[in-house]
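Student: First the structure, then my questions, so here it is.
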Amino acid sequence: MARWRAFCIRHDVALMTGDRPKHIGACKPLRTSYSRGRSAMKRKHWKRQRGVAAVEFALVLPLLLLILFGIVEFGLVMFDQAVITNASREGARAGIVLKTPKATITEIQNVALNYCNSHLITLGSASTPTVTVPSGQGGSFGTPLTVTVTYKFNGLALGSMFNPISKLLTLTATTVMNNE
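In case it helps, the UniProt record's numbering puts the sequence shown at residues 1 to 180.
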């Protein structure tokens with residue numbers, strides 16, 4: 001059997017009239033009533049499906065936005081927690097280093113507050129961190145110094161939606177270091 005005839009038979013196409021085709025386009029597809037009826041059914045099906053994607057998108061979009069805002073909000077909380085942890089560590093480090101005279105409680109608080117003010121992502125909230133250093137601590141070699149930083153995180157979108165009463169999440173970090 002000729003090579004071109006074998007190709008046409010293998011691919012369910014009928015041979016055009018003529019002895020030998022010059023190219024593969026000489027084979028034309030078989031047409032049956034089944035294939036014509038099927039394409040008509042596809043057209044009817046697509047007419048019924050028009051607009052369904054828009055409805056599905058409208059149903060799924062709020063859920064996707066909720067998940068997206070939740071991820072962003074969680075990331076902001078974790079970042080701010082890391083910042084206040086580092087601020088308490090910086091304050092404690094400023095209070096324990098060997099220098100004469102030792103740092104006062106106000107100086108320790110200022111170091112921690114300056115760190116918070118330069119690194120916190122507040123998104124315009126009026127909440128400022130508070131730094132607590134118990135009085136009577138520090139001074140002599142080996143005594144512990146405790147610095148606690150507290151910050152009320154005001155949520156971007158989900159914080160106010162899911163916590164309507166207080167609308168604030170309190171983040172706290174405490175660092176204890178021994179005097180040098």
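We put the beta carbon where it would ideally sit given N, CA and C, even for glycine. Just so it is clear, the structure is predicted and the values come from calculations on it, not from any experiment.
What separation, rounded to the nearest whole angstrom, lies between the Cα atoms of N178 and L145?
Tutor: Cα-Cα distance, rounded: 6 Å.
Student: Around the C-beta of G155, are 16 or more other C-beta atoms found within 10 angstroms, so that it is buried, or is it exposed?
Tutor: So G155 ends up on the buried side.
Student: Would you verify that the beta carbon of A92 is, or is not, closer than 8 Å to some beta carbon of chain B?
Tutor: Reference to chain B is not applicable here, since this structure consists of a single protein chain.
Student: With respect to the alpha helix (DSSP H) encompassing L59, which residues constitute its N-terminal and C-terminal limits?
Tutor: Per DSSP, L59 belongs to the alpha helix (DSSP H) from V52 to I96.
Student: Nearest by alpha-carbon distance to R93: which of L76, V77, F74 and Y115 is it?
Tutor: For R93, the nearest C-alpha among the options comes from Y115.
Student: Taking the DSSP output, what are the residues bridged to P144?
Tutor: Looking at the DSSP assignment, P144 forms a beta bridge with N178.
Student: How would you label I121, buried or exposed, when you count the other beta carbons within 10 angstroms and need 16 or more for buried?
Tutor: With fewer than 16 other Cβ atoms within 10 Å, it is exposed.
Student: Taking its Cβ as the centre, do 16 or more other Cβ atoms sit within 10 Å of P134, making it buried, or is it exposed?
Tutor: Exposed, since its Cβ has fewer than 16 Cβ neighbours within 10 Å.
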